[in-house]
Every structure is written in structure tokens, then in C-alpha cells.
Amino acid sequence: MPKITFIPYRQEEITVEAEVGSTVMEAAVRNGVPGIEAECGGACACATCHVYVAEDWYGRVGAPQPMEEDMLDFAFEVKPNSRLSCQIKVTEELDGLVVDIPERQA
Amino acid sequence: MSERITTDVVIIGAGPVGLFAVFELGLLDLKCHLIDILDRPGGQCAELYPEKPIYDIPAYPVIGALELIDKLKEQIRPFGPTYHFGQQVEKVEKQEDGSFLIGTDAGVEFLAKVVVIAAGGGSFQPKRPPVPGIEAYEGTSVFYSVRQMEAFRDQEIVIVGGGDSALDWTLNLQPIAKRVTIVHRRDDFRGAPHSVEKMRELVASGELDLVIGQVSSLEGEGAALSAVVVKKNDGSTVAIPATRMMPFFGLTMKLGPIAGWGLNLHENLISVDTEKFETSEPGIFAIGDINTYPGKLKLILSGFHEAALMAQAAKKLIDPTKRLVFQYTTSSTSLQKKLGVQ
């Protein structure tokens, strides 16, 4: 299974296994990664699973769809590599993905 | 000044579970008033995921969230519930006769024998942006909604956001303000196209300022704001003179005033028993996502079950002498009469 590394704000990084076809948000929630709130449960409706995709991964992960881009307006400290983790589908190609978790979600 | 409504049951929260409670209580001849902070029924189904499919409602392999709400509204129509939207319940006080006085922030008061809290994840409140020290300005210089337009006349206003709320208030306040600046993190607005167009026209004619960036700090003295500092996407910062700021970052759910009603809480949820779904205060029930008990699952399905059992207990409380005969809607002519199908 692909591995994903989460780097919570000023905390130790956590590497978890994620099922292909699930989302990066689900991998975080299942493993109790701090800082991913996912208030809406993955409906792309709340912007509380905001992550920063590591620079060397951003190209492979890709840019957000318009709906996600709209929802990112509600996130804080949005950067060019910001994504909502509920909208990133896990694939074999994303094995080794690294994402940073912002200081706060809301 | 305030009106007072007398009813059997006040239901706080008009999401799916609050709506279905009207049905179960209605079958037992109890009249309900529903109160919700949103301007329409549906709760999270309407606010968070209206277009999303739900796959675990019995007998519906798939149903859209808003479609579920529409069907529930249709199902409870025979019981004629009264809706009170756009207001928040602030107080629930037990009266000497055991009934409850319920008051909302819109000045409406209710006298009810039973209170049902079906408030889901709590009430939807505007999100506070993580700008250092913003709390000090809230209510004097920083506002999340407009109660009185006059408070904005001749002010230097910064409006933050790119959706309909931000655009609507930009367009509404621009004519009476000294100056309005709209700040958004990207030059792409998701509000209604004609509002975006109108905003762009005002910017083009020099009557409105548009700054692309994100608010990083506030300047001012005490509770009086003087400038909003915006970090532009190229890393430079600009201080925009401002006496008022309105941030529109969407909604989040907060337990809100419920926390102060003296009910037993467990991790921001209301503790209930699993026989009646009654709280630590007799006569106040809690159903749906807002409650907690051993084995609790936050499913709409569970909320429906809780509503049915709560209704039986509420009936006994309101009509203690009446013998309750359990009936099925399929075969009971009296229930069918109430549903208007006889």
C-alpha cells in the first residue's frame, strides 16, 4: 500500500499506509493524525482538511478542481501548494507523498 | 415587544432529525415549533452537502441530501409544524409549573412543555479568521453580519472574501461608505456572476478598491480599528486604512448557548439515556448528532430511532394520565386520519 507522510505543525511527522482509491484525508483520520479535522466528512464543504503538498510532489498531485478552489477560500493561510486532503485520491503513483498540516484549520 | 408562543414542544434544530421528530410527536398529537439559526430547513444536509448522495437511509439505495430534506418536509406537512428561521435559542428556563420558557436572539419567546434539542453539530456560526488580536475588535470594528447599515455609513470598510456574502455586502455598503475595499486571496470570485460583474464595474470606475491577498494583521487602538494589513501573493504587504472589517470565511459549527443550560455534557455533546433520550434535565430531550451515549453512532438513521423513542417519553410527560396504545401507521385508522390519508 502507498505510504503517506503527514507533518503536523511543529510536531513529529507521521507515516501511514493508505489504501488505493481512498483519500488522503481518510488516511489521516483513520490513523488519528492531529490537525486534520474534516468537519464535513469529506464532502468538499468545509476546508478543515487543508494541507500543503510538499513542493516536489505538487506536480504529481495536481491542482485543485474549481469546487475545491472555491472551498479553499474558506481556509486560512492558503499557499500555492494548498489542497484539501479529502480531494486527493490515493494512487500507487503517490507512494511516498509528503504533506504539511497548517497550524490551524479554522 | 416580544411575542410569546405557547406550544407542546419546541424543537431546536431543523435538520433531518428535528424534522422527523415532528412526525413522531405529531402521531401522538403533539404540536411542534422548530427553531433554526439557518434561513431554511435541512441543517448540515442543506448547508454542508446539499448535492451529495446519502447511501444509508433505509429503502433509499441513494438519495440526495436536499432531496431527503424535501421528503421529510412533505412527510411532516400533515402535522403543520411552525418554522422559525434565522434565529438562535439563547435561553431555556424551567418554570415553576415544570414547563420551559425558551427565548431566541430575535426576541421570540415560547412556553413549551417539552424541549427537544436536535442541534446536530451545534449552531452554524461565522468562522473567525486567525488574525492575531481580532477578538478585541469584534462587535465594535469587526462584524460578521450587518444588523444595522447605519453603523457602516461614512466608514472605511474592508470586506474579506470572494463569495456571495462578501460581494453582496460590498455592493450594499459601497454607496453609503466613505470607502470600501474588497480583499480576496485570488482574482476569481465564486459569487453570482452579475454581482461579480457589478463589483468589477465599480473597481473600473474607481469607486471601489480590490486587493488580491490575505489578511495578516490588524492595526488600531483598543477596540477601534485603523488599518487592515494584507499580504499580497507576491509577498509584499499593504496597510489599508479601515474603521470596519467584515470577514466572510464561511460557517463552522459551535455548541453555542446550549453549553450554558446546565445540562450534563460529555466532550461538547449532551449526555442522554437510551430509553427516552432525555438529558440530565427532565423534560429536555436531545436527539441526533448532538447527543452521546454508550455506542452512539452519528447517523441520520440513529437520530430517527431516537426521535421515535423520545416522542413516546414526551407524550407520557405531557399527558401522564392518557394510556398510550401503540399503533402502526399501516393499519391504524386514527393514525391515518392524522396523516390525512383516510
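As given, the protein sequences belong to chains P and V, one line each in that order. Throughout the first sequence, residue numbering follows my numbering, covering 1 to 106 in sequence. Throughout the second sequence, residue numbering follows my numbering, covering 1001 to 1342 in sequence. Think of the CB as a built atom: it goes at the ideal place given N, C-alpha and C, for glycine as much as any other residue.
Item: Just the Cα atoms here: how many angstroms apart are Gly96/P and Ser22/P?; Value: 15 Å
Item: Are there three or more Cβ pairs, one per stretch, closer than 8 Å when the region 1065–1082 of chain V is compared with the region 1304–1320 of chain V?; Value: no
Item: Do Val99/P and Ser82/P have their beta-carbon atoms positioned less than 8 Å apart in this structure?; Value: no
Item: Give me the chain V residues within the contact set of Val78/P, using Cβ-Cβ distance strictly less than 8 Å, ordered along the chain.; Value: Arg1185 and Gln1214
Item: Which partner residues of Tyr1083/V appear in the DSSP bridge assignment?; Value: Leu1034/V
Item: When you compare only the Cα positions, how much space is there between Trp57/P and Arg30/P?; Value: 22 Å
Item: What in chain V is Cβ-close to Ala45/P, meaning under 7 Å?; Value: Leu1048 and Tyr1049
Item: For Phe1249/V, which residues in chain P fall below 7 Å Cβ to Cβ?; Value: Phe74
Item: Using a Cβ cut-off of 8 Å (strictly closer), state whether Gly1181/V contacts chain P.; Value: Before going further, note that residue 1181/V is Thr rather than Gly in the sequence given. With 8 Å as the cut-off, Thr1181/V does not count as an interface residue toward chain P.
Item: Please classify Arg1244/V: is it buried, with 16 or more other beta-carbons within 10 angstroms of its beta-carbon, or exposed?; Value: buried
Item: Per DSSP, what kind of secondary structure is Asp1070/V in: helix, strand or coil?; Value: helix
Item: Under 7 Å Cβ-Cβ, which residues of chain V neighbour Ala106/P?; Value: Lys1127 and Thr1252
Item: Using the C-alpha atoms, what's the distance from Leu1025/V back to His1184/V?; Value: 47 Å
Item: Can Tyr1137/V and Leu1225/V be called in contact, C-beta distance under 8 Å?; Value: yes
Item: Mind checking who Phe1100/V pairs with in its DSSP beta bridge?; Value: Lys1094/V and Ala1112/V
Item: State the Cα-Cα distance for the pair Thr91/P and Val1089/V, rounded to the nearest angstrom.; Value: 47 Å
Item: Closest to Phe1085/V by C-alpha separation, out of Gln1125/V, Ile1037/V, Asp1056/V and Glu1096/V, would be which residue?; Value: Ile1037/V
Item: State yes or no: is the beta carbon of Arg1147/V nearer than 8 Å to at least one beta carbon in chain P?; Value: no
Item: Is the Cβ-Cβ distance between Thr1181/V and Ile1240/V less than 8 Å?; Value: yes
Item: Closer than 9 Å, Cβ to any Cβ of chain V: which residues of the region 38–65 of chain P, in chain order?; Value: Glu39, Cys40, Gly41, Ala43, Cys44, Ala45, Cys46, Ala47 and Thr48
Item: Just to confirm, is the Cβ distance from Tyr1144/V to Pro1247/V under 8 Å?; Value: yes
Item: Can you list, in chain order, the residues of its chain with a C-beta nearer than 6 Å to that of Thr1140/V? Leave out the 5 residues immediately preceding and following it.; Value: Ala1223
Item: Quick one: Cα of Glu1197/V to Cα of Thr1170/V, how far?; Value: 12 Å
Item: Is there a Cβ from chain P that is less than 8 Å from the Cβ of Pro1193/V?; Value: no
Item: Starting from Val16/P and walking both ways along the beta strand (DSSP E), at which residues does that stretch end?; Value: Ile14 to Glu17
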